[in-house]
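S.K.: In order, the protein sequence lines correspond to chains Y and X. Position one of the first sequence corresponds to residue 1 (my numbering), numbered consecutively onward. Position one of the second sequence corresponds to residue 597 (my numbering), numbered consecutively onward. For glycine and all other residues, C-beta sits at the position ideal for the given N, C-alpha and C.
There are 2 protein chains.
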Amino acid sequence: MTIYRAPVEATLFIIDDVLALSRHANLPGFGEAAPDVVAAVLGEAGRFAEEVLAPLNRIGDVEGCTLHADGRVTTPAGFRDAYRRFAAGGWIGLAGDPDYGGQGLPFVLAAALNEFVTSANMAFGMYPGLAQGAVTAIARHGSQRQKRLYLPKLLSGEWAGTMNLTEPQAGTDLGLIRTRAGPNADGSYAISGSKIFISGGEHDLADNIVHLVLARIDGSPAGTKGISMFVVPKVIPADDGSLGEANRVSCGALEQKMGIHGSATCLMNYDGATGWLVGERDRGVSAMFTMMNEARLGVGIQGLALSELAYQNAAAYARERRQGRALARAGESGGAADPILVHPDIRRTLAAIKGFNIAARALALATALDADIAEKSSDDATRAAAADRLALMTPVVKGVLTDRGFDNVVAAQQVFGGHGYIAETGVEQFVRDARVAMMYEGANGIQALDLVGRKLPKDGGRAVTAFFKEVSDFVDEHRDEALAPFIGPLSQGLDDLRAATMWFMANALARPANGAAGATDYMHLFGLVALGFMWARIALAAERRIAEGDPRSERLTGDFLVGRAFMERTMPETGLRLARITAGAETLMALPEAAL
Amino acid sequence: MTIYRAPVEATLFIIDDVLALSRHANLPGFGEAAPDVVAAVLGEAGRFAEEVLAPLNRIGDVEGCTLHADGRVTTPAGFRDAYRRFAAGGWIGLAGDPDYGGQGLPFVLAAALNEFVTSANMAFGMYPGLAQGAVTAIARHGSQRQKRLYLPKLLSGEWAGTMNLTEPQAGTDLGLIRTRAGPNADGSYAISGSKIFISGGEHDLADNIVHLVLARIDGSPAGTKGISMFVVPKVIPADDGSLGEANRVSCGALEQKMGIHGSATCLMNYDGATGWLVGERDRGVSAMFTMMNEARLGVGIQGLALSELAYQNAAAYARERRQGRALARAGESGGAADPILVHPDIRRTLAAIKGFNIAARALALATALDADIAEKSSDDATRAAAADRLALMTPVVKGVLTDRGFDNVVAAQQVFGGHGYIAETGVEQFVRDARVAMMYEGANGIQALDLVGRKLPKDGGRAVTAFFKEVSDFVDEHRDEALAPFIGPLSQGLDDLRAATMWFMANALARPANGAAGATDYMHLFGLVALGFMWARIALAAERRIAEGDPRSERLTGDFLVGRAFMERTMPETGLRLARITAGAETLMALPEAAL
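Spelled out as structure tokens, the structure:
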């Protein structure tokens, strides 16, 4: 039996105090997001996650999804009803465009909601999460007709959405896509081919499913420059949104997976299905990438969400489970055993996870806020700076939060000892669920290459230079305060990150393998500095509240200590990352293939 | 579809060249273990693992074990036949005492066999592995009658064995055991209580199961000093070993676990079962600990075995899977995609895993050889030194090989991208299987505390001092040779380890929490130095063979480069471990309970 309490108060502190959402009240939709509204929305979201979604998490794992002989896919017991309530609550359209029925609230709130939903039930959260991707793609690249037809249905949850990229021979390398699109007389296309690993490709939650499909139009060039994006609805709608006949698309098989069993992962067959071009011909990969940033941020949040869920369960277990005695009682004979929370090794584990969770939440929400600003600010420079930060931080959030999040779930499982291995305890499901986030939406090695190969050099390094300056200014400004335990390790981390960046400039331009071999370590070094920077900002905000005698002072003081432990024990990893980066690629590339 | 090839050649190189088994020909049983015999035995073991056990690995996972209404437990299809062949081949008694029907070969060969068996089928390997524990317990602590009655049957595999320690409220803390033993008139005891997590507690592989059970005799003191060890056979044998009536012991339930589904994990009920005291009354915990060392070494090898298995599959996939292009071809247009093995990030991953596997195998085998020497040498000083090394290295092998082994399995899974998450690919089973080794036989946090709290200070630090000297002498002796890429990082690692040890002496005696908070990092720091030391010795042996123009030179040269990558990229972690250790416990212990 597992527990989950949505971290509403902690999230509000980040939004109100660390990110100071109220400073952005001039952005569209932010005026409506006054602190009391935000608190009410997130409180309600937390309750929904705790009361409706969390109780279905284990059922979803045990039952999984079922493909029936007639091609229907049914979701686990309770999912349909929960989805109906989730849609009816307006949660899917929380940050959606009000012109199409969305609530128009800041995207940062949708990101917070996403954490709660995913902690409570990651498999469930995949379904509305994918609709989000379809919304973004159509909103950015679709025609007026497509927007009018699809967006209201997607935002209300009446229809669900998917992204169809992967084929058996084409994963990371989308240029290898073989799905074809042949023009029909009416301007639509006939789509033929097979797609794999399609989350939510078929299910029983919504009346229709809107597939966004990458395919090559007959005659288009080979490689990524000949791929176009199509919208292919499961049921073809009339102009008024009423449902017509079934399209020629079907689920051929469900994958048996390590985890997220409640999420239907489908092999999809397109047998001359009718699709409509979204955006420009042959520009599908670039169109898909504009929505990818948002999806990757969502996956990063999955890493955090599972880390939080596993943490809560491990901490509760450590309070209850009595084994051995505290060191202070080592001399005593007799008496009951102590809760294992007294043991330093357990405290080390829990503090490390919690220290990550708090900073990772702040980083994810800060990045979501950048997405808001990049889209909605009326000031060009503000918009550009936010877009830079968003592009730079997206692979970091995706790669680092899922890698470290998974490690944290494993560490939390370890707190349970052998009991953690038993299905009934529940935590082993969290490990199996969390694992996928490192692999899909671009495996983390690809995130690292995106950061080092694309985001670093972009615009002459403008984004990374601005980030270094932001951290460096903060360090300079707060060097002499009570923040020293935060500033010291952050400053060291920034030095390591700058040294690594310089090393790439000196060694990776002439020999790109040096960049590629160090990319994963660089991504993690970058992530540590970003998390350390968040901790410094959180500590500053906490200090101020404590000094004011805020009623939350006791909790904030505890968090402050958790942050100190993070700076003492996690941040020194920046030195290791730098050492690995500067080891370079020589030995690795000298290895004959037969040696591996 | 997964693959497995037993690393026979690599193992022989460690045994013959690095450990120089022939130097120990004077030990009993070692005379028979001439290089050609060892090669034949391990070759045969490898074939058995590849051809008989590996094909049952996935079946075991999918089918699992079944508890029937009549209390019988059946193992997955094929396990019975494989077990019969394994027993008939004499593999269970490979290193067993010839006086009781064992083959009397060195234990180091049994350790190598254990790796192959576990890679091929970890769940299967649990059954004979547990018999090994029962053999050791009875051989060391049993009466003559018990030895005559049980050892031949256990060594032949006719009977299987178990260890019964854990109860719901008593895991690490054996003093909390509630199972009771009441004296019977005939000198036997009536055992009553429930034990959980009993691997192989009930199954259909052998005619009888010999349970070794910890229980408290009526009137014995509370805590660990009132626990005795009993032998409780499932079917009570007559003096001649013929089977009599069923004992009052039964399997009440099978645990549903994350992995090793083919291994029956039982809740065992003892309802006044007849048992016989093994060893002295109230000394059961200490008796159990003498056999624990061997079991822990076996679990450490499980970490290596799964890392090797996952590596082989990831490397094969990286050769076949074509996505993207090598950096050298970045400018080309057209042409086929390259195998992902060309990408530096994939090479980094594979080299790190292989670099661990080679050194971990050497460390496990060196420790197994120490077990041989500690038991069989006729020279007191040689025996004592080997016993010191064995005791010191056992928690390191268990904790470090299972922690890093698991991380490697996860990293290998990552090479598959999204395909790694699909059950059919097979690698996700390896992750689920490997996970348990960090938790059972003493969770790894307990291994770390054993190392720091018990093994370090033992006999005035004699064992650790000798180890430091051994490494330091090697470093001094080989400083100027072609071994520099190995000696440099090893020397730095040793410095870090010595600094950490000094820090404990200065800070953990007065404040034990400083030792406990740093224990896990210290265990890993110790493990890195031990692995680095192994690499230096392997590199030395490889250099010599290559200089001789050995026909294996091409492979050895490749391994040498893999070792260099390990020294460059893995060894720098010693600095991080030292930094965490010297962070101390202050912040962790200052955390109010409510903050966690």
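1. Quick check on D271(Y): does DSSP put it in helix, strand or coil?
2. When you compare each of C65(Y), F86(Y), T74(Y), A517(Y) to E51(Y) by their alpha carbons, which one comes out closest?
3. Quick test of your reading: S263(Y) and A111(Y), contact by CB under 8 Å. State the CB separation rounded to the nearest angstrom.
4. What residues from chain Y crowd round R1165(X), counting only those whose CB sits closer than 7 Å?
5. Please determine if the segment 1009 to 1020 of chain X and the segment 1054 to 1063 of chain X are in contact, where contact requires at least 3 C-beta pairs separated by less than 8 Å.
6. So, are the CB atoms of A1179(X) and E568(Y) less than 8 Å apart?
7. Can the beta-carbon of G244(Y) be found closer than 8 Å to that of N269(Y)?
8. How about A330(Y): is its Cβ closer than 7 Å to a heavy atom in the ligand GDP?
9. Which residues share a DSSP beta bridge with I1018(X)?
10. Grab me the residues of A95(Y)'s own chain with a C-beta within less than 6 Å of its C-beta, minus the 5 sequence neighbours each way, in chain order.
11. Counting only C-beta atoms, is A412(Y) closer than 8 Å to chain X at any point?
12. Can you tell me where the beta strand (DSSP E) with R776(X) in it begins and where it stops?
13. Can you find the residues in the same chain that come closer than 6 Å, C-beta to C-beta, to A287(Y), ignoring five residues on each side of it along the sequence?
14. Taking just the CA atoms, how far does P7(Y) sit from R1173(X)?
15. Measure from the alpha carbon of M1118(X) to the alpha carbon of each residue in I1134(X), A645(X), L1086(X), F1100(X), then state which is nearest.
16. Just to make sure I have the definition right: I need the residues of chain X whose C-beta is within less than 7 Å of the C-beta of E543(Y). Which are they?
17. Can you look up I773(X) in the DSSP assignment and give me helix, strand or coil?
18. Would M887(X) and A733(X) qualify as a contact pair, given that the criterion is a beta-carbon distance under 8 Å?
19. Give me the residue from R216(Y), M1(Y), F13(Y) with the minimum Cα distance to D550(Y).
20. Would you tell me roughly how many angstroms separate the C-alpha atoms of W159(Y) and L67(Y), rounded to the nearest one?
21. Any Cβ of chain X within less than 8 Å of the Cβ of G200(Y)?
22. Helix, strand or coil: which one does DSSP assign to M393(Y)?
23. Determine which residues of the segment 343 to 359 of chain Y have a Cβ less than 9 Å from any Cβ of chain X, and write them out in chain order.
24. For the segment 765 to 790 of chain X, list every residue whose C-beta sits within 7 Å of some C-beta in chain Y, in sequence order.
25. Pull up the distance between the alpha-carbon of N408(Y) and that of M439(Y), whole angstroms please.
26. Is the beta carbon of A914(X) sitting closer than 8 Å to the one on I936(X)?
27. Does any residue of chain Y bring its CB to less than 8 Å from the CB of M722(X)?
28. What do you reckon, are the CB atoms on L350(Y) and T367(Y) nearer than 8 Å?
29. Does the count of Cβ pairs from the segment 972 to 979 of chain X and the segment 1136 to 1153 of chain X closer than 8 Å reach three?
30. So R1160(X) is in the alpha helix (DSSP H); what residue range does that whole segment cover?
31. Kindly indicate which three-state DSSP category M229(Y) falls into: helix, strand or coil?
32. Would you please verify whether the beta carbon of K972(X) is less than 8 Å from any beta carbon of chain Y?
33. Which residues bound the beta strand (DSSP E) around K195(Y)?
34. Among N889(X), R943(X), E928(X), which one has its Cα closest to the Cα of A912(X)?
35. Which residues, in order along the segment 146 to 164 of chain Y, keep a beta-carbon less than 8 Å from a beta-carbon of chain X?
36. Would you decide whether I599(X) is buried or exposed? Buried here means 16 or more other CB atoms lie within 10 Å of its CB.
M.R.: According to the data block:
1. strand
2. F86(Y)
3. About 20 Å; that fails the 8 Å criterion.
4. R580, A583
5. no
6. yes
7. no
8. Summarising the ligand content, the structure contains no ligands, and the ligand GDP is consequently not present.
9. K257(Y)
10. Hits under 6 Å: L105, F107, A110.
11. no
12. 776 to 779
13. Around A287(Y): H141, M229, G279.
14. Each residue's Cα considered, the two are about 32 Å apart.
15. A small correction: the amino acid at residue 1118(X) is Tyr; Met does not occupy that position in the sequence shown. Cα-wise, what sits closest to Y1118(X) is F1100(X).
16. Per Cβ cutoff of 7 Å: no residues; E543(Y) is ~16 Å from chain X at best.
17. coil
18. In this structure, A733(X) lies closer than 8 Å to M887(X) by Cβ.
19. F13(Y)
20. A direct Cα-Cα distance of roughly 20 Å separates W159(Y) from L67(Y).
21. no
22. helix
23. H343, P344, D345, I346, R347, R348, T349, L350, A351, K354
24. G767, T768, D769, L772
25. Rounded to whole angstroms, the gap between the alpha carbons of N408(Y) and M439(Y) is 17 Å.
26. yes
27. Judged by the 8 Å Cβ criterion, M722(X) is not in contact with chain Y.
28. no
29. no
30. Here the alpha helix (DSSP H) through R1160(X) covers 1149 to 1165.
31. Correct three-state label for M229(Y): strand.
32. No, its Cβ sits nowhere closer than 8 Å to a Cβ of chain Y.
33. 189 to 199
34. R943(X)
35. Answer in chain order: no residues at all.
36. exposed
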